[in-house]
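First comes the structure, then the notes that go with it.
Residue numbers (full-length UniProt numbering): 1 to 313.
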């Protein structure tokens, strides 16, 4: 009885937002590799590339729909940059800008499996303290021993890592909240035609950690990931004819502008043909008509090429 009541309560609390997973880290640590693996693109050709743009992508983990967001690289090793600046970077990236449509349920902090500088340690501590309830540490570029043995990996942790995500960490709830993504250069993507066991094992653990941080209300969420689009820090909801609302609106406005130009051009040709003046009537009138034709070609290019590439359609 109580279970049914709990389920009904959760269903009533279902959100019109989507849960989002934010991936952060310095440039070159492997954020895009991590994102592509979560998106199921083990063999390359995934939607995420090294970029200075925010890149969203819909994924489903254990039946729950998420928006996975790869972000430009943070600067964690600049000695002249204060800890406050680091938190401001993260807030400016997304957390404060997506509240209307998304809820950041977990933050994947991607780190290389190597020694940290003093500044990196300070910034790491600041990030973990600020986002304790959301943070998951994802290590990349580890050695074979680090990748295949969690016990060995923890022996290589520095004090900051041991005190936070280590087995005997000092922060409640954070102990063990880490994974290591196998280095594709050291662990082949496939082994005898099967997905590498270490990739699958660590991705499975990462998925479980993400789900553990996801509020129950999202299990009943009915919002489709495909209706969320991101342009820089601006979110738009809804598609029209397979295109984002704003893009569609821009195309419609452009269409009427060029249709007007085409109509005026045609009228200019016919009018001057009647009164037999202006030898350049075909030049000016033809320009309006040609503009409309080129605009239609542009629409097809945007819809069939750019949108398909940018949103993985």
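Each residue gets a CB set at the ideal place from its N, CA and C atoms; glycine is no exception.
Under 8 Å between C-beta atoms of residue 202 and residue 179: yes
Rounded to the nearest angstrom, what separates residue 127 and residue 71 at their Cα positions? 16 Å
Here's a check: name, in chain order, each residue in its chain whose Cβ is nearer than 6 Å to the Cβ of residue 139, leaving out the five neighbours to either side. 111, 113 and 180
Simplified DSSP state of residue 186, which is helix, strand or coil: coil
Taking the alpha-carbon positions, what's the residue 315 to residue 290 distance? As displayed, the chain neither begins before 1 nor continues past 313, which places residue 315 out of reach and without an answer.
Give the C-beta separation of residue 395 and residue 19 to the nearest angstrom, bearing in mind that I take them to be a contact with Cβ-Cβ under 8 Å. Not covered by the structure: residue 395. The range shown for the chain is 1 to 313.
Mapping DSSP to helix, strand and coil, what is residue 323? Nothing can be reported for residue 323, as the shown portion of the chain is limited to 1 through 313.
Pull up the CB-CB distance for residue 213 and residue 134, whole angstroms please, since I reckon it's below 8 Å. 6 Å
Express the C-alpha separation of residue 62 and residue 130 in angstroms, rounding to a whole number. 28 Å
Using the rule of at least 16 other Cβ atoms within 10 Å of the residue's Cβ for burial, across every protein chain shown, is residue 24 buried or exposed? buried
Assuming residue 177 contacts residue 209 (C-beta within less than 8 Å), just tell me the rounded distance between them. 6 Å
With DSSP as the reference, please indicate the residues paired to residue 65 in a beta bridge. 60
Bridge partners - residue 206, DSSP secondary structure assignment: Note: residue 206 sits in no beta bridge, so no partner.
Once DSSP output is grouped into helix, strand and coil, what is the label at residue 165? coil
With burial defined as no fewer than 16 other Cβ atoms inside 10 Å of the residue's Cβ, what is the status of residue 297: buried or exposed? exposed
Bridge partners - residue 201, DSSP secondary structure assignment: According to DSSP, residue 201 bridges with nothing at all.
Nearest-angstrom Cα separation, counted from residue 145 out to residue 29: 19 Å
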